[in-house]
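Peer 1:
Residue numbers (our numbering): 1247 to 1403.
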């Protein structure tokens, strides 16, 4: 399962023959993201297990009855900002339940990034994916606590 935004990135990757061009593209994706505010760069939003400083801030929308998952992220490393942009394209706009169904390693593998990142960057990517899944699980649990039994499925979660 991949979003249209992620599919667009995958198509762009297919057009780029050289890995140097792909790295530049990833960095450009990161440059296109707005930085998160300093006040959101907290210990809670910091992702452990990354060589660089990485922050992920969830933005769960409850207004439609279906918990929509979005997140913003930031890093002090340009390539990592680009990886965050790719993860945002993969997850943002999905329901919380759908986030948990995404096989991120498979989807990221389609880009070939897994074999071209350093082991530290690969570990950091796995940590970011883990944190996103943790946030989605937390949002789903919170929703279940707020929803009468049996109605969560009707709400799309």
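We put the beta carbon where it would ideally sit given N, CA and C, even for glycine. Predicted model, so just to flag it, every value in this text is computed and none were measured.
For residue 1377, which three-state DSSP category applies?
Peer 2: Judged by DSSP in its simplified three-state form, residue 1377 adopts helix.
Peer 1: Check residue 1343 in the structure and name its three-state DSSP category.
Peer 2: Residue 1343 carries a helical assignment under DSSP once its states are collapsed to helix, strand and coil.
Peer 1: Mind listing, in chain order, the continuous alpha helix (DSSP H) runs of no fewer than 4 residues lying wholly within the region 1325-1371?
Peer 2: 1342-1347, 1350-1357
Peer 1: What distance in whole Å lies between the Cβ atoms of residue 1356 and residue 1324, which are believed to be in contact at a cut-off of 8 Å?
Peer 2: Wrong, their Cβ atoms sit about 22 Å apart, outside the cutoff.
Peer 1: Closest to residue 1375 by C-alpha separation, out of 1307, 1313, 1292, would be which residue?
Peer 2: Ranking 1307, 1313, 1292 by Cα distance to residue 1375 puts 1292 first.
Peer 1: Buried or exposed: residue 1257, going by 16 or more other Cβ atoms within 10 Å of its Cβ?
Peer 2: exposed
Peer 1: Apply the 10 Å Cβ neighbour rule to residue 1222 and answer buried if 16 or more other Cβ atoms are within range, or exposed otherwise.
Peer 2: Since the first residue shown for the chain is 1247 and the last is 1403, residue 1222 is missing from the structure and cannot be characterised.
Peer 1: Should residue 1321 go down as buried or exposed, given a rule of 16 or more other Cβ atoms within 10 Å for buried?
Peer 2: The residue in question, residue 1321, is buried, as its Cβ has 16 or more Cβ neighbours within 10 Å.
Peer 1: With DSSP run on the structure shown, which of helix, strand or coil describes residue 1193?
Peer 2: No information on residue 1193 is available, as it lies outside the stretch 1247 to 1403 that the chain covers here.
Peer 1: Mark residue 1343 as exposed unless 16 or more other C-beta atoms lie within 10 angstroms of its C-beta, in which case mark it buried.
Peer 2: buried
Peer 1: Between residue 1387 and residue 1327, what straight-line distance do the alpha-carbon atoms span, to the nearest angstrom?
Peer 2: One C-alpha to the other measures close to 29 Å.
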